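Working notes for the structure below.
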Amino acid sequence: MKVADLYKQDGPVYSLEVFPPRNGETTDAIFNTIDNLIGFQPAFISVTGGALGSLRGGTIAIASDIKRKYGIEGIPHFTCVNRSIQDIENLMMEMKFSEIDNVFALRGDPALGQKEFTPHPEGHKYASELVEQIKALNDGEYLMSKDNKDYEGIPTDFGIAVAGYPDGHVELADKTKDLENLKLKVDKGADYIVTQLFFDADIFLEFVENAKNIGIDIPIIPGIMPLDKYGQIKFCSKQMGIEIPKKLNEKLQSNKDDKEAVKEILEEHTMAMCKKIIEQGTPGIQFFTMDKPEGTKKILQELCRGKEMIFRSSTIISASDFASLNRALDIVFTGNYGDKKPDEVKTIIDACLNDCAKKYYKGSVDNLVKNELGDLIGAGPVNPEHPNSIYRSVADKMLKFHEKGVYTEVA
Ligand code: FAD
Numbered sequence: 001m002k003v004a005d006l007y008k009q010d011g012p013v014y015s016l017e018v019f020p021p022r023n024g025e026t027t028d029a030i031f032n033t034i035d036n037l038i039g040f041q042p043a044f045i046s047v048t049g050g051a052l053g054s055l056r057g058g059t060i061a062i063a064s065d066i067k068r069k070y071g072i073e074g075i076p077h078f079t080c081v082n083r084s085i086q087d088i089e090n091l092m093m094e095m096k097f098s099e100i101d102n103v104f105a106l107r108g109d110p111a112l113g114q115k116e117f118t119p120h121p122e123g124h125k126y127a128s129e130l131v132e133q134i135k136a137l138n139d140g141e142y143l144m145s146k147d148n149k150d151y152e153g154i155p156t157d158f159g160i161a162v163a164g165y166p167d168g169h170v171e172l173a174d175k176t177k178d179l180e181n182l183k184l185k186v187d188k189g190a191d192y193i194v195t196q197l198f199f200d201a202d203i204f205l206e207f208v209e210n211a212k213n214i215g216i217d218i219p220i221i222p223g224i225m226p227l228d229k230y231g232q233i234k235f236c237s238k239q240m241g242i243e244i245p246k247k248l249n250e251k252l253q254s255n256k257d258d259k260e261a262v263k264e265i266l267e268e269h270t271m272a273m274c275k276k277i278i279e280q281g282t283p284g285i286q287f288f289t290m291d292k293p294e295g296t297k298k299i300l301q302e303l304c305r306g307k308e309m310i311f312r313s314s315t316i317i318s319a320s321d322f323a324s325l326n327r328a329l330d331i332v333f334t335g336n337y338g339d340k341k342p343d344e345v346k347t348i349i350d351a352c353l354n355d356c357a358k359k360y361y362k363g364s365v366d367n368l369v370k371n372e373l374g375d376l377i378g379a380g381p382v383n384p385e386h387p388n389s390i391y392r393s394v395a396d397k398m399l400k401f402h403e404k405g406v407y408t409e410v411a
């Protein structure tokens with residue numbers, strides 16, 4: 001599925017960004033983050049490919065795993081760093097065969113220790129050239145086609161995202177020129193834009209306006225990083241040339257030795273930015289989670305309050321499956337096993353959930369229910385007269401899902 005199509009619907013589309021672990025470490029932080037946020041039904045999940053000159057492997061595999069596990073698109077970030085055009089084509093094939101449908105096309109940062117980006121001798125200098133190469137593959141033009149006019153390749157069908165910079169790109173002081181370079185990426189075939197983080201909603205809104213004025217007519221999605229430390233915001237500001245609004249800076253300065261106060265100030269500020277951008281009709285927000293769910297969760301909880309959020313469920317559960325799932329939940333919640341032994345009940349419920357999980361593979365909700373129910377079943381029957389803490393916690397979670405309309409989205 002092309003991610004850009006999701007933005008054709010009304011209301012903000014929420015997506016997440018995670019980053020691969022350092023080589024050799026586990027992917028636990030990524031999947032823990034996603035598991036924690038999946039109840040908010042993110043529309044897709046982007047997986048970075050190293051940044052600020054650091055390279056990390058695993059991006060394509062993790063993006064593909066996300067798609068298989070949660071049934072939502074995993075978008076690998078793909079840079080030109082150290083890659084020839086042949087390497088790029090090979091890796092694009094790896095994506096195709098891993099059933100990746102969208103790719104985030106980037107030039108990448110200069111390698112660690114280098115001041116300037118040095119392209120591979122047979123590679124690309126700018127992201128726009130990468131977009132062009134991917135677009136050519138989408139037209140069935142492989143590198144072989146260049147020398148052999150009779151060579152026919154099977155067209156790929158990748159959706160393409162590119163990066164935009166509301167505060168300008170750190171290598172180019174002239175924001176107007178940088179915007180023109182963004183337009184080049186759009187002209188070459190990009191489908192949507194995700195921006196660098198920023199600390200001033202007005203700068204983002206002005207950027208969107210300026211982009212529209214020069215004919216950029218694809219969705220521009222703000223990148224939001226829920227920072228909570230003074231050092232982080234200073235680091236991002238310095239490394240990426242992002243302006244900290246004067247008022248915010250003064251507030252942070254005068255509270256810089258009070259970690260809790262800084263956290264509160266930054267949380268409030270980020271929340272206010274999100275609300276302002278949503279009010280102005282943003283098609284979506286991409287949250288840079290940094291593989292930690294807490295900051296993003298706080299924001300999403302607030303944005304969901306009063307059903308401001310539109311759940312883009314990829315799972316529209318059928319009425320009969322909804323009923324059988326509810327019956328299964330009922331048995332667990334009431335402990336009313338009838339003449340069946342707990343083991344038999346477990347088998348029945350497992351079968352029902354497995355069936356749903358299979359059919360609604362795309363449904364992250366099922367995974368969550370399954371996890372919760374797994375604990376509950378493991379703890380034995382629950383007597384509703386004496387609800388224990390597990391019962392209450394699961395019941396609360398289920399109620400929350402109901403409130404958010406996840407289970408009431410009956411086809
Ligand atoms: P480009 O669009 O090629 O731009 C690079 C610079 O060249 C800009 O200054 C631009 O104005 C200029 N330029 C472009 N075209 C021309 C031209 N024709 N002539 C002259 N100048 C030109 N980095 C990673 O390594 N991994 C990631 O996963 C990653 N994810 C990111 C996600 C987001 C949302 C964003 C915003 C950035 C991400 N980056 C990532 C960082 C990115 O790689 C760097 O910012 C990099 O320095 C520029 O990449 P780009 O794709 O924007 O390059």
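Take the sequence shown: its letter number 22 is residue 22 in my numbering, and every next letter is one higher. Even glycine gets a Cβ: it sits at the ideal position worked out from N, Cα and C. Note that this is a predicted model, so its numbers are computed, not measured.
Open item on the list: With three or more C-beta pairs closer than 8 Å as the rule, is the stretch 76-88 touching the stretch 28-36?
Closed with: no
- [ ] Report the partner residues of E268 according to the DSSP bridge assignment.
- [x] Numbered from 1 along the sequence shown, position 268 holds the residue referred to as residue 268. Partner(s): none; E268 has no beta bridge.
Task: Check: Q196 C-beta below 7 Å from any heavy atom of the ligand FAD - done: Residue 196 sits at position 196 when you count from the first residue of the sequence shown. Answer for Q196: yes, Cβ within range of the ligand FAD.
Open item on the list: Does the structure place the stretch 288-296 close enough to the stretch 31-42 that three or more beta carbon pairs sit under 8 Å?
Closed with: yes
- [ ] Would you be able to state if there are at least three C-beta pairs under 8 Å between the stretch 222-229 and the stretch 258-268?
- [x] yes
Open item on the list: I'd like the list of long-range same chain contacts for D139, defined as Cβ closer than 8 Å, with 5 residues on each side in sequence excluded.
Closed with: For this step, residue 139 is matched to residue 139 along the sequence shown. Cβ neighbours of D139 beyond the five flanking positions: P155.
- [ ] Tell me whether Y192 is buried or exposed, calling it buried when 16 or more other Cβ atoms sit within 10 Å of its Cβ.
- [x] For the purposes of this step, residue 192 is taken as the residue at position 192 of the sequence shown. By the neighbour-count rule (16 or more Cβ atoms within 10 Å), Y192 is buried.
Open item on the list: Determine whether the beta carbon atoms of L197 and I242 lie at a separation below 8 Å.
Closed with: For the purposes of this step, residue 197 is taken as residue 197 along the sequence shown, with counting starting at 1. For the purposes of this step, residue 242 is taken as residue 242 along the sequence shown, with counting starting at 1. Yes, they are a contact pair.
Task: Exposure of E268, with buried meaning 16 or more beta-carbon neighbours within 10 Å - done: One-based indexing of the sequence shown puts residue 268 at position 268. Exposed, because fewer than 16 other Cβ atoms sit within 10 Å of the Cβ of E268.
Task: Buried versus exposed, by CB contacts within 10 Å (16 or more), F199 - done: By one-based count along the sequence shown, residue 199 stands at place 199. Its Cβ being crowded by 16 or more others within 10 Å, F199 is buried.
Open item on the list: If I follow the unbroken alpha helix (DSSP H) through T59, where does it start and stop?
Closed with: For this step, residue 59 is matched to residue 59 along the sequence shown. Note, T59: alpha helix (DSSP H), T59 to Y70.
- [ ] Closer than 6 Å by C-beta to I216: which residues in its own chain qualify, once you throw out the five before and the five after it? Chain order, please.
- [x] Position 216 of the sequence shown, counting from 1, holds the residue named residue 216. Within the same chain, I216 has close Cβ partners K183 and V186.
- [ ] Would you grab the beta carbon distance between P20 and R56 for me? Rounded to a whole angstrom, and I think it's under 8 Å.
- [x] In the sequence shown, residue 20 corresponds to position 20, counting from 1. In the sequence shown, residue 56 corresponds to position 56, counting from 1. Between R56 and P20 the Cβ distance is about 5 Å, and since that is below 8 Å, they are a contact.
- [ ] Please name the residue or residues paired with I100 in a DSSP beta bridge.
- [x] Sequence index remark: in the sequence shown, residue 100 carries index 100 (1-based). Answer by DSSP bridge pairing: none, since I100 is not bridged.
Task: Presumed contact (8 Å Cβ cut-off) between I463 and A211, rounded CB distance - done: Here the chain has residues from 1 to 411 only, and residue 463 is not among them.
Task: Beta-carbon spacing of I60, P76 below 8 Å - done: To locate residue 60, count along the sequence shown from 1; it is residue 60. To locate residue 76, count along the sequence shown from 1; it is residue 76. The answer is yes: Cβ separation under 8 Å.
Open item on the list: Measuring straight from C-alpha to C-alpha, what distance separates G24 and T195?
Closed with: Position 24 of the sequence shown, counted from the first residue, corresponds to residue 24. Position 195 of the sequence shown, counted from the first residue, corresponds to residue 195. Using only the alpha carbons, I get a separation of about 30 Å.
Open item on the list: For the ligand FAD, I want to know if H120 counts as a neighbour, meaning its beta carbon is within less than 7 Å of at least one of the ligand's heavy atoms.
Closed with: Here residue 120 is taken as the residue at index 120 of the sequence shown, counted from 1. The answer is no for H120.
Task: beta-carbon S237 near the ligand FAD non-hydrogen atom, thresh 7 Å - done: On the sequence shown, residue 237 is found 237 positions in, with the first residue counted as 1. No; taking the cut-off as 7 Å, the Cβ of S237 has no heavy atom of the ligand FAD nearer than that.
- [ ] Tell me whether the beta-carbon of N102 lies closer than 8 Å to the beta-carbon of V3.
- [x] Residue 102 sits at position 102 when you count from the first residue of the sequence shown. Residue 3 sits at position 3 when you count from the first residue of the sequence shown. A contact, by the Cβ cut-off of 8 Å.
Open item on the list: Helix, strand or coil for Q232? Go by DSSP, reduced to three states.
Closed with: One-based indexing of the sequence shown puts residue 232 at position 232. Q232 falls in the helix class under three-state DSSP.
TODO: Leaving aside the five residues before and after G123 along the sequence, list all residues of the same chain whose C-beta is less than 7 Å from its C-beta, in chain order.
DONE: Mapped onto the sequence shown, residue 123 falls at position 123. Here the set comprises C80, R83, S84 and I85.
TODO: Report yes if the C-beta of L106 is less than 7 Å from at least one heavy atom of the ligand FAD; otherwise report no.
DONE: As a working note, residue 106 is residue 106 in the sequence shown. True, at least one ligand heavy atom lies under 7 Å from that Cβ.
- [ ] Check whether the Cβ of S15 lies closer than 7 Å to any heavy atom of the ligand FAD, and answer yes or no.
- [x] Working through the sequence shown from its first residue, we reach residue 15 at position 15. Answer for S15: no, Cβ out of range of the ligand FAD.
Task: Backbone secondary structure at A111 - three-state DSSP - done: For the purposes of this step, residue 111 is taken as residue 111 along the sequence shown, with counting starting at 1. It is coil, neither helix nor strand.
Task: Distance between Q280 and N181 (C-alpha atoms, nearest Å) - done: Within the sequence shown, the letter at position 181 stands for residue 181. Within the sequence shown, the letter at position 280 stands for residue 280. In a straight line, the C-alpha of N181 is about 25 Å away from that of Q280.
TODO: Verify whether the separation of the beta carbon atoms of F40 and L300 is less than 8 Å.
DONE: The sequence position of residue 40 within the sequence shown is 40, counting from 1. The sequence position of residue 300 within the sequence shown is 300, counting from 1. Yes, they are a contact pair.
Task: Sequence-distant residues of the same chain with beta carbon closer than 8 Å to L137, five excluded per side - done: One-based indexing of the sequence shown puts residue 137 at position 137. Within the same chain, L137 has close Cβ partners E89, M92, G153, P155, T156 and F158.
Open item on the list: Within the continuous alpha helix (DSSP H) that includes S128, where are the two ends?
Closed with: Your numbering for residue 128 matches position 128 in the sequence shown. Counting along the chain, the alpha helix (DSSP H) containing S128 begins and ends at A127 to N138.
- [ ] Give the straight-line distance between the Cα atoms of V13 and S145, rounded to the nearest whole angstrom.
- [x] Working through the sequence shown from its first residue, we reach residue 13 at position 13. Working through the sequence shown from its first residue, we reach residue 145 at position 145. Going from the Cα of V13 to the Cα of S145 covers about 38 Å.
Task: Nearest-angstrom Cα separation, counted from E94 out to A272 - done: On the sequence shown, residue 272 is found 272 positions in, with the first residue counted as 1. On the sequence shown, residue 94 is found 94 positions in, with the first residue counted as 1. C-alpha separation (whole angstroms): 41 Å.
Open item on the list: Taking a contact to mean a Cβ-Cβ separation below 8 Å, would you say V170 touches V131 in this structure?
Closed with: Here residue 170 is taken as the residue at index 170 of the sequence shown, counted from 1. Here residue 131 is taken as the residue at index 131 of the sequence shown, counted from 1. No, these two residues do not count as a Cβ contact at 8 Å.
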